[in-house]
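> Quick note, the numbering used here runs 3 ahead of the 1-based positions in the sequence shown. Supplied in structure tokens, the structure appears directly below.
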Amino acid sequence: MLTMTKSELLGLIADFRSLPWEIGDAMVELERDLGARAFAVFQETGLSDAQLYDLIRMAHMWAPAERNIDLSWSYYRDAGADKEVARRLLEATHRNGWSREQLRKALRAIRRHEQDDHAGDGKIKDRQCNECGRSGWSWKPKASS
Ligand SMILES: [Zn+2]
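Structure below.
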């Protein structure tokens with residue numbers, strides 16, 4: 004008789020995938036309750052500063068209802084800190100089945116485009132960018148509707 008079924012395994016993996024979000028949410032909650040004293044607790048976890056930073060940053064950046072693209076936490080982390088850009092990247096990643104390396108590559112291309120073409124040197128002044136469809140110098144995406 005099997006001691007581990009496929010559905011149990013899949014359940015464990017689902018738990019594994021939600022854990023970084025749950026840890027980050029717990030950190031946000033502790034931060035809310037303890038204020039600056041929460042950081043002493045975080046450091047006792049033994050996680051690196053970079054890990055702690057990522058866990059809490061992601062929990063702050065993406066509310067639970069917004070974690071709705073079927074990709075793991077690591078993809079969200081790698082999609083960067085600009086939420087509108089990150090969402091577009093995550094949607095493209097999901098749609099195209101990209102790896103995290105492909106997602107990071109696309110993010111680098113977006114940042115290059117931002118620096119080269121939207122940096123205020125006049126290239127895209129007063130017109131719509133052919134590449135990304137945005138107007139003017141500012142990279143900030145136009146509000147949808
Ligand atoms: Zn553009």
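All residues carry an ideal CB built from backbone N, CA and C; glycine is no exception. As the structure is a computational prediction, the values presented were derived from the model and not from experiment.
Hey, would you say Ile26 sits closer than 8 Å to Leu58, going by beta carbons?
The answer is yes: Cβ separation under 8 Å.
> Within the present structure, is the beta-carbon of His121 separated from the nearest heavy atom of ligand 1 by less than 7 Å?
Checking every heavy atom of ligand 1 against the Cβ of His121, one is found closer than 7 Å.
> Just curious, the alpha helix (DSSP H) that Asp18 is in, first and last residue?
Asp18 -> alpha helix (DSSP H) spans 9-37.
> Using a threshold of 7 Å, is the CB atom of His116 nearer than that to any non-hydrogen atom of ligand 1?
Yes; taking the cut-off as 7 Å, the Cβ of His116 has a heavy atom of ligand 1 nearer than that.
> Just the C-alpha distance for Glu34 and Ile72, rounded to the nearest angstrom, thanks.
Spanning the two alpha carbons is a distance of roughly 27 Å.
> What do you get for His121, buried or exposed, if any count of 16 or more other CB atoms within 10 angstroms of its CB means buried?
Buried, because 16 or more other Cβ atoms sit within 10 Å of the Cβ of His121.
> Applying the criterion that 16 or more other CB atoms from any shown protein chain within 10 Å of the CB defines a buried residue, is Lys143 buried or exposed?
With a pLDDT of 49 at Lys143, under the threshold of 50, the modelled position of that residue is not reliable, and the figure given next carries that caveat. With fewer than 16 Cβ atoms within 10 Å of its Cβ, Lys143 is classed as exposed.
> Distance, Cα to Cα, Ser51 vs Met7?
Going by the C-alpha atoms only, they are around 33 Å apart.
> Quick test of your reading: Leu37 and Val31, contact by CB under 8 Å. State the CB separation rounded to the nearest angstrom.
Not confirmed; about 11 Å, so no contact.
> Is Met61 closer than 8 Å to Arg40 when the C-beta atoms are compared?
Not closer than 8 Å, so no.
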